[in-house]
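Data first, discussion second: the structure below is written as structure tokens.
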Amino acid sequence: MTCREGLMSPQTETKASVGFKAGVKEYKLTYYTPEYETKDTDILAAFRVTPQPGVPPEEAGAAVAAESSTGTWTTVWTDGLTSLDRYKGRCYHIEPVPGEETQFIAYVAYPLDLFEEGSVTNMFT
1 MTCREGLMSP
11 QTETKASVGF
21 KAGVKEYKLT
31 YYTPEYETKD
41 TDILAAFRVT
51 PQPGVPPEEA
61 GAAVAAESST
71 GTWTTVWTDG
81 LTSLDRYKGR
91 CYHIEPVPGE
101 ETQFIAYVAY
111 PLDLFEEGSV
121 TNMFT
């Protein structure tokens with residue numbers, strides 16, 4: 001049965017060929033900041049990433065920074081409750097892994113304010 005036969009309304013039909021992604025936003029627009037200069041108070045980390053085919057390394061690095069700090073794959077109502085610039089992780093540099101065409105090192109800076117004082121668990125997650 002097709003949408004037109006009443007199984008689904010036309011408003012809820014997914015059109016994969018159109019490339020519609022409801023509520024999905026690119027991480028690199030917010031979390032990839034190559035101009036960022038690290039601060040003495042930042043916690044710095046390096047992640048080895050292997051982007052999915054068709055995903056630029058900047059997007060993969062930004063996704064790591066986002067999902068390990070303040071990001072989510074969709075817009076949520078709580079986005080306006082905290083200062084994103086104060087708490088977000090920033091992917092500030094990406095370089096290829098020598099000898100590995102599809103792998104990269106993504107360097108991420110986290111603001112110290114993102115972590116709860118005295119919580120070692122926050123440092124390991």
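Per the UniProt record's numbering, the sequence shown starts with residue 1, numbered consecutively. Idealized CB from N, CA, C, for every residue including glycine.
- K39 has its alpha-carbon roughly 28 Å from the corresponding atom of K25.
- P96 carries a strand assignment under DSSP once its states are collapsed to helix, strand and coil.
- The beta-carbon separation of Y27 and A66, rounded to 5 Å, stays under the 8 Å limit for a contact.
- In the DSSP annotation of this structure, the continuous segment of the beta strand (DSSP E) that includes V49 starts and ends at 43-49.
- Between the C-alpha atoms of G54 and E101 there is a straight-line separation of about 13 Å.
- Out of C91, P96, F104, the CA that lies nearest to the CA of A45 is found in C91.
- Residue burial is scored here from C-beta neighbours: G118 has fewer than 16 other C-beta atoms within 10 angstroms and is therefore classed as exposed.
- Assignment of V108 by DSSP, reduced to helix, strand and coil, places it in the strand class.
- DSSP, reduced to helix, strand and coil, places Y31 within a helical segment of the structure shown.
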